[in-house]
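Structure record follows, encoded as structure tokens.
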Amino acid sequence: MPKTLLTTKNLGLEVEGRTLLKSLILSLNPGTFVAVTGPSGSGKTTLLRTLAGELDPAEGKVVNYLDCPTRLAMIFQDLQLADGATALTNVLGGSLGRHSFLSTLFRFPSEEREKALHLLAKFGLSEKSNQWASTLSRGERQRVAACRTLLTRPHLLLADEPVSSLDPSLADEVLAHLSNEISGKNGCLVCALHNDEQVAKFADLVLRLDPSDPNGWKLEDLKPKEVA
Amino acid sequence: MEARRPQTKGSSLKLELPWHSRFDLLGITFLLFLLGAVGALPSIEGSGRDLDYWGNLSRFASQFFPPDWSILDRTLEGLLETVQIALVSTLLSIVISIVLSIGAARTIAPLWLLWPTRMLLNLIRTIPSLLWALLAVVIVGSNPLAGVIALSFYSVGYLAKFFSETFETANTDAQQALRSLGASPLQAFQFGLWPNARPIIWSHCLWMLEYNVRSASIIGYVGAGGIGLHLKLYAESADSWNKFSLVLLCILAIVTVLDFTGEKIRQSIRDQLEGKKKTD
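Just so you know, the sequences run in chain order A and B. When we follow my numbering, the leftmost residue of the first sequence carries the number 1, and every step to the right adds one. When we follow my numbering, the leftmost residue of the second sequence carries the number 1001, and every step to the right adds one.
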């Protein structure tokens, strides 16, 4: 794995002519949990989508050092699940990049099914694995989307408000799982969050966006390394 | 500062819309329909003879009663053949329609494939089921196979159009998400788009099966198998309208059962897709 997964150089973001962010310099390293905070409309989603390569920056650039594009994955704010498929099938969708069309045409490989079921169990969804996504609550759908993205085995995971519909204890549990699966395994987790307690509990770095000032972003190191 | 209210005459609110504003596309279409229907009235003529319409009707209808239950076994055999023709032709048409509908869906197929496929479907839909049955009887003879061929072609014209419209309107978010997570276009279609379209597609299939049972009941009239042949025989022989009415009763029974079952299944699919069985 490269020493740095992704960097931004003087990154500037604009949406419909409104400047959200200017001159952002950020370096995403393995083993880090980066929280992105700021009020609604401050540009969290736009930043994550720009880091994912879905949007072009207004200025500056994003440099991706990952060896394979599928090593970067995203948990979307609007989840984007297939409503008419079961929770299990939705999660298994995360493994498609590793298999050919014919090998998943009728059935997923058993090791992928086991891994998907294991993830669903970890996120408290064992009993819902065979239910259609349309019949799940928003909180359950959020966890299914998280499991699907984890099954892609990303080194860099961009999560757009992945616990916004969960109660605080379940949200902590899910963030702990995401943190263990990604930053605990030497990946990098970038998570848009609203709750300051969650930021303080899990994040190593926090990027605070200011909707009133595009240059007003702040990057804080919450867990400075202890000097031996 | 005092707010000014719009001035109205008396208590009624006067809408200041130009008179022609109500003639939008829908209004003009309805007006053309009305003009066409009224304009056609003078050309709809009767025989010109002084007939006792109600007397004729009551005399003819009385011959239907009571139905002749002695032919029930034979009728049920014919009905079974009708349902078998409908089942096989619906299955065949589903398989062909799924392939053709992908070529006819604007969101999936390239333009060079889209328009030829759509033209082919238009051509198939232009030919009515009875004409398909006549063609099939000419080719394979008077037997149930002709019925299967006729109804398969006829159904493909409609099912493929319904399927392609379903693919075009289905939610594509999951398909795009899977593409961004590394799935190939075919995999993203299978696991992202197809699950969202599948419930609607099954609903169309059920409707087509119901429709084909009705159609299979009539194509026997031209020799393409099924209960239609019985209808033809009883209609052409004298004093057999009570047998004819029993056949009609049996068709009514099977169509009602199918309609009721189909509606229940469709409702259940709709509920599940709209998430009416949420767990919390």
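We treat Cβ as the ideally placed atom computed from N, Cα and C, and that holds for glycine.
Opening and closing residue of the beta strand (DSSP E) in which residue i lies
| i | result |
| --- | --- |
| Leu205 (chain A) | 205 to 208 |
| Ala73 (chain A) | 72 to 75 |
| Asn130 (chain A) | First-last for Asn130 (chain A): undefined, no H or E at that position. |
| Leu1193 (chain B) | Premise fails: Leu1193 (chain B) is in no beta strand (DSSP E) and is neither H nor E. |
| Lys218 (chain A) | 218 to 221 |
| Asn64 (chain A) | 59 to 64 |
| Phe33 (chain A) | 32 to 37 |
| Leu189 (chain A) | 188 to 192 |
Cβ neighbours of residue i in the same chain (closer than 8 Å, five flanking residues each side left out)
| i | result |
| --- | --- |
| Ala37 (chain A) | In the sequence under discussion, the amino acid at residue 37 (chain A) is Thr, which differs from the Ala named in the question. Cβ within range, chain order: Lys44, Ala192, Leu193, His194, Asp196, Val199, Val206, Leu207, Arg208, Leu209. |
| Glu140 (chain A) | Ala87, Leu125, Lys128 |
| Leu1246 (chain B) | Pro1067, Asp1068, Trp1069, Ile1071, Leu1072, Thr1075 |
| Arg18 (chain A) | none |
| Thr149 (chain A) | Ala73, Met74, Ile75, Gly94, Leu157, Ala159 |
| Phe1023 (chain B) | Leu1031 |
| Arg1125 (chain B) | Gly1157, Tyr1158, Lys1161 |
| Ala228 (chain A) | Below a pLDDT of 50, predicted positions are generally treated as unreliable, and Ala228 (chain A), at 38, falls in that range; the measurement from the model is reported next regardless. None. |
Beta-carbon gap between residue i and residue j smaller than 9 Å
| i | j | result |
| --- | --- | --- |
| Ala1190 (chain B) | Phe76 (chain A) | According to the sequence as given, residue 1190 (chain B) is Gln; it is not Ala. Taking 9 Å as the Cβ cut-off, Gln1190 (chain B) and Phe76 (chain A) do not qualify as a contacting pair. |
| Pro1199 (chain B) | Ile1269 (chain B) | yes |
| Ala1061 (chain B) | Leu1151 (chain B) | no |
| Gly60 (chain A) | Leu11 (chain A) | yes |
| Arg1118 (chain B) | Glu1168 (chain B) | no |
| Gly84 (chain A) | Ala1188 (chain B) | no |
| Leu48 (chain A) | Pro214 (chain A) | no |
| Val1083 (chain B) | Val1222 (chain B) | no |
| Leu1145 (chain B) | Ala1133 (chain B) | no |
| Gly187 (chain A) | Gly31 (chain A) | yes |
| Leu189 (chain A) | Leu178 (chain A) | yes |
| Thr50 (chain A) | Pro39 (chain A) | no |
| Arg96 (chain A) | Ser1021 (chain B) | Contrary to the premise, residue 96 (chain A) reads as Leu rather than Arg in this sequence. It is not a contact, given that the beta carbons lie outside the stated cut-off. |
| Lys201 (chain A) | Leu219 (chain A) | no |
| Gly1027 (chain B) | Ile1227 (chain B) | no |
| Ala116 (chain A) | Phe108 (chain A) | yes |
| Val1099 (chain B) | Val1148 (chain B) | no |
| Asp1173 (chain B) | Asp67 (chain A) | no |
Other residues of its chain near residue i: CB distance less than 6 Å, five sequence neighbours each side excluded
| i | result |
| --- | --- |
| Ala146 (chain A) | Ile75, Pro162 |
| Ala203 (chain A) | Phe33, Ala35, Leu222 |
| Gly1181 (chain B) | It should be pointed out that residue 1181 (chain B) corresponds to Leu in this sequence rather than to Gly. Cβ neighbours of Leu1181 (chain B) beyond the five flanking positions: none. |
| Lys1243 (chain B) | Asp1068, Ile1071, Tyr1234 |
| Met1001 (chain B) | Caution is warranted here: a pLDDT of 41 is assigned to Met1001 (chain B), below 50, making its placement in the model unreliable, and the coordinate value is therefore given only provisionally. Answer for Met1001 (chain B): no residue qualifies. |
Extent of the continuous alpha helix (DSSP H) to which residue i belongs
| i | result |
| --- | --- |
| Glu173 (chain A) | 168 to 181 |
| Asn90 (chain A) | 87 to 92 |
| Asp160 (chain A) | Note, Asp160 (chain A): premise wrong, no alpha helix (DSSP H); beta strand (DSSP E) at 156 to 160. |
| Thr135 (chain A) | From DSSP, Thr135 (chain A) is part of no alpha helix (DSSP H); its letter is neither H nor E. |
| Phe1060 (chain B) | 1053 to 1062 |
| Thr46 (chain A) | 44 to 51 |
| Val199 (chain A) | 196 to 202 |
| Lys115 (chain A) | 110 to 122 |
Helix, strand or coil at residue i [DSSP, three-state]
| i | result |
| --- | --- |
| Arg18 (chain A) | strand |
| Ile1044 (chain B) | coil |
| Glu140 (chain A) | helix |
| Ala1183 (chain B) | coil |
| Ser1215 (chain B) | helix |
| Arg1005 (chain B) | Here Arg1005 (chain B) scores only 47 on pLDDT, less than 50, and its place in the model should not be relied on; the value that follows carries that caveat. In the structure shown, Arg1005 (chain B) sits in coil (DSSP, three-state: anything other than H, G, I, E or B). |
| Lys3 (chain A) | coil |
| Ser165 (chain A) | coil |
| Ala1224 (chain B) | coil |
| Leu1080 (chain B) | helix |
| Thr152 (chain A) | coil |
| Gly12 (chain A) | strand |
| Leu26 (chain A) | strand |
| Arg107 (chain A) | coil |
| Asp1280 (chain B) | For Asp1280 (chain B), the predicted structure reports a pLDDT of 40, less than 50, and the residue's modelled location is therefore unreliable. A value from the coordinates is still provided. Here Asp1280 (chain B) sits in coil by DSSP. |
| Phe1189 (chain B) | helix |
| Pro1018 (chain B) | coil |
| Asp56 (chain A) | coil |
| Asp1271 (chain B) | helix |
Own chain partners of residue i with C-beta closer than 7 Å, once the 5 adjacent residues on each side are dropped
| i | result |
| --- | --- |
| Thr8 (chain A) | Leu24, Ile25, Leu26, Gly60, Val62 |
| Leu1206 (chain B) | Gly1262, Ile1265, Arg1266 |
| Ser165 (chain A) | Arg138, Gly139, Gln142 |
| Ala1170 (chain B) | Leu1193, Asn1196, Ala1197 |
| Ser1129 (chain B) | Ala1150, Leu1151, Tyr1154, Ser1215, Ile1219 |
| Asp1259 (chain B) | Glu1210 |
| Ile1201 (chain B) | Phe1163, Thr1166 |
| Val144 (chain A) | Leu81, Ala87, Asn90, Val91, Leu125, Ala133, Leu136 |
| Arg71 (chain A) | Pro154, His155, Leu156 |
| Glu14 (chain A) | Leu20, Ala58 |
| Asn1143 (chain B) | Gly1225 |
Residue i: contacting residues in chain D (beta-carbon distance under 7 Å)
| i | result |
| --- | --- |
| Phe106 (chain A) | No chain D is part of this structure, whose protein chains are labelled A and B. |
Can you list, in chain order, the stretches of the alpha helix (DSSP H) that have 4 or more residues and sit fully within the region 1104 to 1174 of chain B? 1111 to 1126, 1129 to 1140, 1144 to 1169
Taking only runs that begin and end inside the region 1232 to 1269 of chain B, name each unbroken beta strand (DSSP E) of 3 or more residues, in chain order. none
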